[in-house]
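Novice: So for the sequence shown, our numbering puts the first residue at 102; every next one is plus one.
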Amino acid sequence: MNTDGVHDMTLRSEQRASWNERGYFIERGWSQRRVLDAMIRRIVDLARSIDGGNEREDLLVAPETLLANAPTPEGRVSKIFRVMRTEDVFYEWATEPRLLALLADLIGPNVDCFLSQFIFKHPTALGQPWHQDNFYFRMKPRPQVGVWLACSDATAENGPLWVVPGSHLEEVHDNVIGDPRQGANFGYVEIQAADTSAEEQILMSAGDLLIFDSHLRHRSTDNVSDGMRAAMVYHYANADSDGTISFNNDWVEVLRDGQSVHASNEPVPIVWPDWSNRS
Numbered sequence: 102m103n104t105d106g107v108h109d110m111t112l113r114s115e116q117r118a119s120w121n122e123r124g125y126f127i128e129r130g131w132s133q134r135r136v137l138d139a140m141i142r143r144i145v146d147l148a149r150s151i152d153g154g155n156e157r158e159d160l161l162v163a164p165e166t167l168l169a170n171a172p173t174p175e176g177r178v179s180k181i182f183r184v185m186r187t188e189d190v191f192y193e194w195a196t197e198p199r200l201l202a203l204l205a206d207l208i209g210p211n212v213d214c215f216l217s218q219f220i221f222k223h224p225t226a227l228g229q230p231w232h233q234d235n236f237y238f239r240m241k242p243r244p245q246v247g248v249w250l251a252c253s254d255a256t257a258e259n260g261p262l263w264v265v266p267g268s269h270l271e272e273v274h275d276n277v278i279g280d281p282r283q284g285a286n287f288g289y290v291e292i293q294a295a296d297t298s299a300e301e302q303i304l305m306s307a308g309d310l311l312i313f314d315s316h317l318r319h320r321s322t323d324n325v326s327d328g329m330r331a332a333m334v335y336h337y338a339n340a341d342s343d344g345t346i347s348f349n350n351d352w353v354e355v356l357r358d359g360q361s362v363h364a365s366n367e368p369v370p371i372v373w374p375d376w377s378n379r380s
């Protein structure tokens, strides 16, 4: 272990093989229940506080379109973005030495976390169509690594992820912009012209961790259960990456020259795009 707490280790052979061949691997039982509960408590507190008028210019709340009349503030939320920098429980998890060691081996010695989002999927919420995350990011050099922590069980009924193993080797596909389903959330796109016959369902227990390539084709299904599916998701990239600048991103340093970096926790307001020249 170096002096900044990042383990000197590389991926295990089975992790490396799955990453290279399938575009992802799963670490079972990565996080303890107390950590997951702390994440959920904090995100519910944030949803209720913001709904009560306590504005947070550094956070972005995405509503759940289909559940606009839900009785609780958190029930009306689909995602809360940019929670890593200022919220201790999310920052500490995202800079844990075990995780940084894996990221250093996958990405290199200079790594930033550029996207953090807590995702609710409440009962009746719709899933997200087939997509690749790098359709949104348009980022180079590769890889960009997605880290998906199950904060509750992801079951066959509550809207788990599905993936096409090996699709990380493909380029970014053409997408149909927008999800035409009644109640679909803003910003979704869909890959329609690619074979999904090899798709696999990813069932996870609370505390399991999915690590995946940004070109991996994946989707989620609708929540037809009577319980919530919750996940905390981060995306990491080489610190020198070039790609789309998005208002839901917040680039936070985590590694420099293989050493852990303690980034500022000062709030960084969202820079909204200028829509004035749009036709």
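Yeah, the Cβ is synthetic: ideal placement off N, Cα and C, and Gly gets one too. Computed from a predicted structure; not experimentally measured.
1. Specify the secondary structure class of TRP249 as computed by DSSP and reduced to three states.
2. For SER268, which residues from the same chain have a beta carbon less than 6 Å from its beta carbon, with the 5 sequence-adjacent residues on both sides left out?
3. What number of angstroms, rounded off, separates the C-alpha of ASP290 from the C-alpha of GLN283?
4. Reducing DSSP to helix, strand and coil, say where ILE144 ends up.
5. Would you list the one or two residues that DSSP bridges to ASN339?
6. Looking at the structure shown, is GLN218 part of a helix, part of a strand, or coil, going by DSSP?
7. For VAL355, count neighbouring Cβ atoms within 10 angstroms of its own Cβ and tell me buried if that reaches 16, exposed if not.
8. From ILE141, GLU367, ARG113, THR111, pick the residue whose C-alpha is nearest to that of LEU250; which is it?
9. Run through the stretch 259–308 for me and flag every whole beta strand (DSSP E) of 3 or more residues, listed as ranges in chain order.
10. Could you pull out every residue in the same chain whose Cβ sits closer than 6 Å to the Cβ of ALA118, ignoring the five residues on either side in sequence?
11. Considering only the beta carbon of each residue, do ILE228 and ARG330 sit closer than 8 Å?
12. From VAL246 to ALA332, what distance separates their C-alpha atoms?
13. Quickly, what does DSSP pair ALA255 with across the bridge? List them, please.
14. Based on DSSP bridge pairs, tell me the residues matched to LEU311.
15. Suppose you measure from the CA of ALA299 to the CA of VAL265; what does that come to, to the nearest Å?
16. Ignore the nearest five residues each way along the sequence and tell me which others in ARG149's own chain have a CB closer than 6 Å to its CB.
17. Return the bridge partner residues of PHE182 from the DSSP annotation.
18. Mapping the DSSP letters down to three states, classify GLY176 as helix, strand or coil.
19. So who's on the other strand from VAL353, going by DSSP bridges?
20. Residues in its own chain within less than 8 Å of ARG379 by CB, not counting five upstream and five downstream?
21. Within 8 Å of any Cβ in chain C, is that where the Cβ of LEU147 sits?
22. Can at least three beta-carbon pairs, one atom from the stretch 363–376 and one from the stretch 334–352, be found at a separation below 8 Å?
23. Give the DSSP-derived three-state secondary structure of VAL372 in the structure shown.
24. According to DSSP, MET333 sits in a beta bridge with which residue or residues?
25. Can GLY359 and PRO210 be called in contact, C-beta distance under 8 Å?
Specialist: So, from the listed chains and residues:
1. Translated into positions along the sequence shown, residue 249 becomes position 148. Three-state result, TRP249: strand.
2. Numbered from 1 along the sequence shown, position 167 holds the residue referred to as residue 268. Hits under 6 Å: LEU317, ARG318.
3. On the sequence shown, position 189 is the one that residue 290 refers to. On the sequence shown, position 182 is the one that residue 283 refers to. Checking the displayed sequence, the identity of residue 290 turns out to be Val instead of Asp. Looking at the two C-alpha atoms, the distance is approximately 14 Å.
4. Within the sequence shown, numbered from 1, the residue matching residue 144 stands at position 43. In this structure, ILE144 counts as helix in the three-state DSSP scheme.
5. Taking the sequence shown and counting its residues from 1, the one referred to as residue 339 is at position 238. According to DSSP, which records beta bridges pairwise, ASN339 is partnered with VAL212.
6. Residue mapping note: residue 218 aligns to position 117 of the sequence shown, counting from 1. Here GLN218 sits in strand by DSSP.
7. On the sequence shown, residue 355 is found 254 positions in, with the first residue counted as 1. VAL355 is buried by the Cβ-count criterion.
8. Taking the sequence shown and counting its residues from 1, the one referred to as residue 250 is at position 149. The shortest Cα separation from LEU250 among ILE141, GLU367, ARG113, THR111 belongs to ILE141.
9. 262–264, 301–303
10. To locate residue 118, count along the sequence shown from 1; it is residue 17. Cβ within range, chain order: n/a, list empty.
11. Residue mapping note: residue 228 aligns to position 127 of the sequence shown, counting from 1. Residue mapping note: residue 330 aligns to position 229 of the sequence shown, counting from 1. Checking the sequence shown, residue 228 turns out to be Gly, not Ile. No, the pair does not count as a contact, with Cβ atoms beyond the cut-off.
12. Start at 1 with the first residue of the sequence shown, and residue 246 comes out as number 145. Start at 1 with the first residue of the sequence shown, and residue 332 comes out as number 231. Taking the straight line from one Cα to the other gives about 16 Å.
13. Counting from 1 along the sequence shown, the entry for residue 255 is found at position 154. Paired residue(s): MET305.
14. Reading the sequence shown from its first residue, position 210 is the one you call residue 311. The partner list for LEU311 (beta bridge, DSSP) reads ILE127, TRP249.
15. As a working mapping, residue 299 is identified with position 198 in the sequence shown. As a working mapping, residue 265 is identified with position 164 in the sequence shown. ALA299 and VAL265: Cα-Cα distance of roughly 6 Å.
16. Against the sequence shown, residue 149 aligns to sequence position 48. Excluding positions up to five away in sequence, the list reads PRO174.
17. Here residue 182 refers to the residue found at position 81 of the sequence shown. For PHE182, which the question treats as bridged, DSSP gives the partners LEU161, GLN218.
18. Stepping through the sequence shown from its first residue, residue 176 is reached at position 75. DSSP places GLY176 in helix when its eight states are reduced to three.
19. The residue you call residue 353 lines up with position 252 of the sequence shown. Note: VAL353 sits in a beta bridge opposite CYS214.
20. If you number the sequence shown from 1, residue 379 lands on position 278. At ARG379 the pLDDT is 45, less than 50, meaning the model places this residue with poor confidence; the figure from the coordinates comes in the next sentence. Excluding sequence neighbours, ARG379 sits near nothing in its chain.
21. Note that chain C does not occur in the displayed structure, where there is just one protein chain.
22. yes
23. Counting from one through the sequence shown, the residue named residue 372 turns up at place 271. Looking at VAL372 - three-state DSSP - the assignment turns out to be coil, as it is neither helix nor strand.
24. To locate residue 333, count along the sequence shown from 1; it is residue 232. DSSP, once it has assigned bridges, lists PHE219, LEU250 as partnering MET333.
25. Looking up residue 359 in the sequence shown gives position 258. Looking up residue 210 in the sequence shown gives position 109. In contact: GLY359 and PRO210 (Cβ atoms closer than 8 Å).
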